[in-house]
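A.B. asks: The opening residue of the sequence shown carries number 666 in the working numbering; numbering runs sequentially from there.
Note that the Cβ used here is the ideal one computed from N, Cα and C, for glycine as well.
Okay, handing you the structure first.
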Amino acid sequence: MLHSALAKIKFLLLSLIILLSIRTGYAQSSVPFTVTSQGHIMLKAKINGVEGNFILDTGAGLTLITKTFSARVGKLHKQDGSYTAFRATGEKLTADLYDAQSLTLGSFAEQHPVLTVFDVNFGSIDGLISLKSFMNQPLTIDYSNKKIIFETVKSMAVIQKTGHQIPLQLEESRDKSLDIFAYFIVNNKLTLQFSIDSGAGNNVFRLNSRYIPALGIDTASAAKTIIPSEFDPKVKTVIYQDNVQSIVAKASPAAHCENVKASFIDGLIYDGIVSLNWIGKQITFDLKNRQMIVR
């Protein structure tokens with residue numbers, strides 16, 4: 666009887682140690698994702714326990730769900746205040762804010778996230794998940810194995826030694842939204858601060874049209890398009906397209922591309938916007954330490 670009781674105590678202690686290691690961030694976990702034909706990172710996530718299809722969007726600023734999906738989730742607490750922001754094209758958007766109970770991706774869970782609801786049709790996509798949820802949780806976007814990895818203290822120590830570190834600048838607005846930026850050198854000539862936007866899709870390079878003269882772009886021969894906003898079709902953006910010789914991360918030549926088609930956009934409020942996929946096959950975001958580590 667004594668031997669049996671001691672065995673039970675040892676088992677309970679071992680279970681407690683395992684549970685504590687999970688809670689203190691030493692148990693690495695991951696969730697799978699797929700890449701859409703446009704290059705978006707699509708994964709399964711739950712809002713208040715209701716599962717949907719979401720895009721992990723490093724340029725979203727604020728987590729968003731569609732009105733249709735919100736009806737599935739049920740009642741969300743609407744805050745009295747709202748949040749006004751500007752899209753990269755300068756388009757003004759005012760969003761109602763809602764308190765949810767939880768946002769869950771695999772074993773990762775954020776309690777009491779704030780999100781917004783928009784009456785938009787994203788097809789099979791139920792919303793966008795921003796990086797705001799991961800301010801204290803380093804994560805890796807692994808394009809090679811198509812999974813999001815939630816890093817631990819131990820795994821981050823290895824990544825720090827094996828990857829190329831690129832400093833990030835964070836734009837945190839009123840503790841409600843988050844966007845990330847880094848410096849890139851264009852055509853070995855201009856050093857510009859670009860928003861890094863996985864929600865833009867694959868191989869997207871957008872520059873402010875003010876840099877057309879400095880980069881020697883001939884607007885007379887460049888392709889020109891006018892694109893209406895998906896939020897307000899009355900808002901239209903003029904875009905010129907031409908080739909750019911090179912774009913290189915200032916902090917690391919490991920992140921570079923050559924001879925890419927870029928869009929030059931009138932009214933862009935940033936120096937530029939770049940997609941994420943070309944930067945590396947494994948990209949770790951350590952937002953607490955304001956860095957991106959590329960492998």
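Using 9 Å as the threshold, is the C-beta distance between Leu-721 and Leu-708 below it?
C.D. replies: If you number the sequence shown from 1, residue 721 lands on position 56. If you number the sequence shown from 1, residue 708 lands on position 43. The answer is yes: Cβ separation under 9 Å.
A.B. asks: Can the beta-carbon of Val-779 be found less than 9 Å from the beta-carbon of Leu-855?
C.D. replies: Here residue 779 corresponds to residue number 114 of the sequence shown, with the count starting at 1. Here residue 855 corresponds to residue number 190 of the sequence shown, with the count starting at 1. No, the pair does not count as a contact, with Cβ atoms beyond the cut-off.
A.B. asks: Compute the Euclidean distance between the alpha carbons of Leu-793 and Pro-918, then round it to the nearest angstrom.
C.D. replies: Taking the sequence shown and counting its residues from 1, the one referred to as residue 793 is at position 128. Taking the sequence shown and counting its residues from 1, the one referred to as residue 918 is at position 253. Computed Cα separation, rounded: 30 Å.
A.B. asks: Where are the beta strand (DSSP E) runs, 3 residues long or more, that stay fully inside the segment 795 to 855, in chain order?
C.D. replies: Qualifying beta strand (DSSP E) stretches, in chain order: 804 to 807, 812 to 815, 829 to 832, 834 to 838, 842 to 851.
A.B. asks: What's the gap between the Cα of Cys-922 and the Cα of Lys-743?
C.D. replies: Counted from its first residue, the sequence shown places residue 922 at position 257. Counted from its first residue, the sequence shown places residue 743 at position 78. Each residue's alpha carbon lies about 44 Å from the other.
A.B. asks: What is the rounded straight-line gap between the Cα of Lys-915 and the Cα of Gln-947?
C.D. replies: Translated into the one-based positions of the sequence shown, residue 915 becomes position 250. Translated into the one-based positions of the sequence shown, residue 947 becomes position 282. Near 18 Å, if we compare the C-alpha coordinates of Gln-947 and Lys-915.
A.B. asks: Quick check: Ile-912 and Val-903, are their CB atoms within less than 9 Å of each other?
C.D. replies: Here residue 912 corresponds to residue number 247 of the sequence shown, with the count starting at 1. Here residue 903 corresponds to residue number 238 of the sequence shown, with the count starting at 1. Taking 9 Å as the Cβ cut-off, Ile-912 and Val-903 do not qualify as a contacting pair.
A.B. asks: State the DSSP-derived secondary structure class of Gly-864, mapped to helix, strand or coil.
C.D. replies: Against the sequence shown, residue 864 aligns to sequence position 199. In the structure shown, Gly-864 sits in a helix (DSSP, three-state: H, G or I).
A.B. asks: So Thr-781 and Ala-753 are in contact, right, with Cβ under 8 Å, and what is the actual spacing, rounded?
C.D. replies: On the sequence shown, residue 781 is found 116 positions in, with the first residue counted as 1. On the sequence shown, residue 753 is found 88 positions in, with the first residue counted as 1. No, Thr-781 and Ala-753 are not in contact; Cβ-Cβ is about 17 Å, not under 8 Å.
A.B. asks: Grouping DSSP H, G and I as helix and E and B as strand, with all else coil, what is Phe-719?
C.D. replies: Within the sequence shown, numbered from 1, the residue matching residue 719 stands at position 54. Three-state DSSP puts Phe-719 in a strand.
A.B. asks: Determine the contact status of Lys-889 and Tyr-876, defining contact as a CB-CB distance below 9 Å.
C.D. replies: Residue mapping note: residue 889 aligns to position 224 of the sequence shown, counting from 1. Residue mapping note: residue 876 aligns to position 211 of the sequence shown, counting from 1. No, these two residues do not count as a Cβ contact at 9 Å.
A.B. asks: Should Lys-797 be labelled buried (16 or more other beta-carbon atoms within 10 Å of its own) or exposed?
C.D. replies: The residue you call residue 797 lines up with position 132 of the sequence shown. With 16 or more Cβ atoms within 10 Å of its Cβ, Lys-797 is classed as buried.
A.B. asks: Are there 16 or more other CB atoms within 10 angstroms of the CB of Ser-767, so buried, or fewer, so exposed?
C.D. replies: Looking up residue 767 in the sequence shown gives position 102. With fewer than 16 Cβ atoms within 10 Å of its Cβ, Ser-767 is classed as exposed.
A.B. asks: In the structure shown, what three-state DSSP assignment does Thr-689 receive?
C.D. replies: In the sequence shown, the residue the question calls residue 689 occupies position 24. Annotation note: pLDDT 43 at Thr-689 (below 50); position unreliable, no value reported.
A.B. asks: Closer than 7 Å by C-beta to Ile-934: which residues in its own chain qualify, once you throw out the five before and the five after it? Chain order, please.
C.D. replies: Position 269 of the sequence shown, counting from 1, holds the residue named residue 934. Same-chain partners within the cutoff: Phe-751, Ala-753, Gly-755.
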